[in-house]
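The structure appears right after this line, and notes come after that.
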Amino acid sequence: MKDGKFITLGIESSCDETAASIVADGRELLSNVISSQIDIHTEFGGVVPEIASRKHLENVNWVIEKAIADAGCTTEDIDLIGVTYGPGLVGALLIGVAAAKAMAFACDIPLVGVNHMHGHVAANYLEHPDLEPPFMGLVVSGGHTNIIFVEEYNSCRKLGSTRDDAAGEAFDKVARVIGLGYPGGPKVDRAAKGGNRDAIAFKRVYLEQGSYDFSFSGLKTQALNYLNTERQAGREINVNDVAASFQEAVVEVIVDKAIAAALEYDQKRIVMAGGVASNSRLRELISERAAEHDIEVLRPSPVLCTDNGAMIASAAYYAYKNGERSGFDLDAVPGLEF
Amino acid sequence: MLYTRSAADNMTERILRNESDTRAFGLELAEKLQPGDVIALVGDLGTGKTALTRYIAEGLGVTETISSPTFTIVKEYSSGRIPLFHFDVYRLSDGGELLDIGADEYLNGNGACIIEWADIVADVLPDDAIVIQLLYGENEGERIAVIG
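Keeping their order, the protein sequence lines are chains B and R. Numbering (our numbering) for the first sequence: 1 to 338. Numbering (our numbering) for the second sequence: 1001 to 1148.
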């Protein structure tokens, strides 16, 4: 406890980021440390990930120490440790889980394992102090595309997910195809602003009637085919038009499905999370459409959209309040389901 | 090129005119697949590496959805005749990084591995890996699989 507040340390290492954060009473962000190195990625046109266990191992101790120091805390103040135990890459997850277990054991602090996806949803509790379930969750990132009905703090239901590429991955791949480079999301977003979103009729893939699942891999093929056809015909390619038309095809399907889910489950709030939640056209279109149905749209600030320890701390806090505890046999579960 | 590592004179070519040809090819590959086998897929964006993987999985009896492993590098599927480990190593820069994430246990594990963008990690692939290169064909939707 610090100043009468319950202190949670959140640790996240499921994929590219080693991250740790201190959160007070499950809602108040006291520190947030992320070891991301996005500038190194740029030169490769893809993500050069820190997925190597070795990288996480190098980072995990200083990231945790810095998170505690930045918050003005000491280890004695910490009431709970939350850690991502899946889904993710096993070697990466193991580092966070092992660090959390060691610290919990050495300092005699309770431990809660957190599902990474629950964490993404919980990021919004940090951003919006008054937000309480139920609400409709929309998680769109480089690795995930999910529509989630959050019924209570510790109970949510996955209504839909991607059947092939995640939304953010579609952006990365198409950015590569049209030569925009990495990171694809922000670059396509920027190029699209100077393009015509009706220039190319990319097919919207809705799958079966009533399905909340997504399929984005066909868009990459459509973009490739379009470029080939244009090149063969000797026509000049307007990259901004391709970016805008592609982006519209992704965003429209996401928005339509999120709104449909909110309406079906009678929810007046859509809560976004994940890196793609920062896409300007997605924000614009979902706000427009939601307003037509009196639905409010919330999203966290960009730093809480991407992987971080704070969202894990918040999710752990509510799990702990619900009586959940993890033992020292907590293990990484790479394929953890929602 | 990667396929010259194995018996270059033993290469076969197969024309996949459409999706159903790809499916037939995938099902055929699945039939013979044994634990410890590694299928190395090489080919540009959009040549159908993930599609072929999906049909191999179908042939193994995998019931889960095969979604892209690009973000997490590997996804495991256990519902089929043998476990399937589906890799996408596009985000890696060499085979050493693949070993860094613990791929050894998969490559010598109790299941079969399919590795997309396998040319990136050619230095750590087993010698008996089944290398399949996917190329664009002359007609739209057509692909050529070079097996060797």
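C-beta atoms are modelled at their ideal positions from N, C-alpha and C, and glycine is treated no differently.
Using a 10 Å radius around the Cβ and a threshold of 16 neighbouring Cβ atoms, would you call residue i buried or exposed?
{"i": "R:R1143", "result": "buried"}
{"i": "R:Q1034", "result": "exposed"}
{"i": "B:S13", "result": "buried"}
{"i": "B:M1", "result": "exposed"}
{"i": "B:W62", "result": "exposed"}
{"i": "B:A319", "result": "buried"}
{"i": "R:T1072", "result": "buried"}
{"i": "B:R204", "result": "exposed"}
{"i": "B:N124", "result": "buried"}
{"i": "R:T1004", "result": "For R:T1004, the predicted structure reports a pLDDT of 40, less than 50, and the residue's modelled location is therefore unreliable. A value from the coordinates is still provided. When all chains shown are included, R:T1004 counts as exposed."}
{"i": "R:D1123", "result": "exposed"}
{"i": "B:G327", "result": "exposed"}
{"i": "B:T74", "result": "exposed"}
{"i": "R:T1063", "result": "exposed"}
{"i": "R:T1047", "result": "buried"}
{"i": "B:A69", "result": "exposed"}
{"i": "B:K173", "result": "buried"}
{"i": "B:R160", "result": "First, the amino acid is wrong: residue 160 of chain B is Gly here, not Arg. Buried, because 16 or more other Cβ atoms sit within 10 Å of the Cβ of B:G160."}
{"i": "B:T306", "result": "buried"}
{"i": "B:D3", "result": "exposed"}
{"i": "B:C107", "result": "exposed"}
{"i": "B:F214", "result": "buried"}
{"i": "B:D266", "result": "exposed"}
Counting only Cβ pairs nearer than 8 Å, list the residues of chain R close to residue i.
{"i": "B:S53", "result": "D1100, I1101, G1102"}
{"i": "B:R163", "result": "T1065, S1067"}
{"i": "B:E292", "result": "Under the 8 Å cutoff, chain R gives no residues; its nearest Cβ is about 32 Å from B:E292."}
{"i": "B:E169", "result": "S1068, T1070, F1071"}
Starting from the beta carbon of residue i, find every residue of chain R whose beta carbon is closer than 9 Å, and list them in chain order.
{"i": "B:A166", "result": "S1067, S1068, T1070, F1071"}
{"i": "B:K257", "result": "Within chain R, no residue comes near B:K257; the closest Cβ sits about 16 Å away, beyond 9 Å."}
{"i": "B:C15", "result": "F1071, T1072, I1073"}
{"i": "B:P334", "result": "T1072, V1074, K1075, E1076"}
Output, in chain order, the set of chain R residues within a Cβ distance shorter than 7 Å of residue i.
{"i": "B:K173", "result": "L1045"}
In the DSSP output, what is residue i paired with across the bridge?
{"i": "R:Y1077", "result": "R:L1084"}
{"i": "R:V1042", "result": "R:Q1133"}
{"i": "R:E1116", "result": "R:L1041, R:D1088"}
{"i": "B:L93", "result": "Its beta-bridge partners do not exist; DSSP assigns none."}
{"i": "R:S1067", "result": "DSSP lists no partner for R:S1067."}
{"i": "B:L138", "result": "B:I147, B:M272"}
{"i": "B:L80", "result": "B:T8"}
{"i": "B:A415", "result": "The structure shown does not extend to residue 415 of chain B, since chain B is modelled only from 1 to 338, so the question has no answer here."}
{"i": "B:K2", "result": "B:K5"}
{"i": "R:T1012", "result": "R:I1147"}
{"i": "B:T162", "result": "B:F214"}
{"i": "B:G86", "result": "B:N115"}
{"i": "B:L263", "result": "DSSP, once it has assigned bridges, lists no residue as partnering B:L263."}
{"i": "B:V297", "result": "B:I270"}
{"i": "B:R157", "result": "B:F149"}
{"i": "B:E28", "result": "B:A24"}
Quick one: measure Cβ to Cβ for residue i and residue j, integer angstroms, because I've assumed they're closer than 8 Å.
{"i": "R:L1045", "j": "B:L219", "result": "Wrong, their Cβ atoms sit about 12 Å apart, outside the cutoff."}
{"i": "B:V150", "j": "B:P134", "result": "6 Å"}
{"i": "R:I1130", "j": "R:T1053", "result": "The Cβ separation is near 13 Å, so there is no contact."}
{"i": "B:G168", "j": "B:V139", "result": "Going by Cβ atoms, the distance from B:G168 to B:V139 rounds to 11 Å, so no, they are not a contact pair."}
{"i": "B:H120", "j": "B:G274", "result": "6 Å"}
{"i": "R:S1079", "j": "B:D164", "result": "With a Cβ gap of about 18 Å, R:S1079 and B:D164 do not count as contacting."}
{"i": "B:N59", "j": "B:T84", "result": "Contact doesn't hold; Cβ gap of about 14 Å is too wide."}
{"i": "R:E1097", "j": "R:L1041", "result": "Not a contact, Cβ separation roughly 18 Å."}
{"i": "B:S280", "j": "B:D189", "result": "6 Å"}
{"i": "B:Y182", "j": "B:A175", "result": "7 Å"}
{"i": "B:K66", "j": "B:V97", "result": "20 Å between Cβ atoms; not a contact."}
{"i": "R:G1059", "j": "R:N1108", "result": "So it is not a contact: roughly 23 Å between Cβ atoms."}
{"i": "B:V242", "j": "B:A170", "result": "Incorrect: roughly 13 Å between the Cβ atoms, too far for contact."}
For residue i, go through chain B and note every residue whose CB falls closer than 9 Å to its CB, in chain order.
{"i": "R:T1050", "result": "D164, D165, S217"}
May I ask you to check if the CB of residue i is nearer than 7 Å to at least one heavy atom of the ligand SAH?
{"i": "R:D1094", "result": "In the structure on display, the ligand SAH does not appear, and there are no ligands present to speak of."}
Going along chain B in order, which residues have a C-beta closer than 8 Å to the C-beta of residue i?
{"i": "R:E1116", "result": "The contacting residues do not exist; R:E1116 stays about 12 Å from chain B at best."}
{"i": "R:E1031", "result": "By Cβ distance, chain B contributes nothing, its closest Cβ being about 24 Å from R:E1031, past 8 Å."}
Residues of the segment 177-190 of chain B whose Cβ lies closer than 9 Å to any Cβ of chain R, in chain order:
V177
Short-range partners of chain R found in the segment 200-224 of chain B, where Cβ spacing is below 8 Å
S217, K220, T221, L224
Name the residues in the segment 87-105 of chain B whose C-beta lies less than 8 Å from a C-beta of chain R; which are they?
P87, G88, L89, V90, G91, A92
If you measure beta-carbon to beta-carbon, which residues of the segment 135-146 of chain B are closer than 7 Å to chain R?
G142, G143
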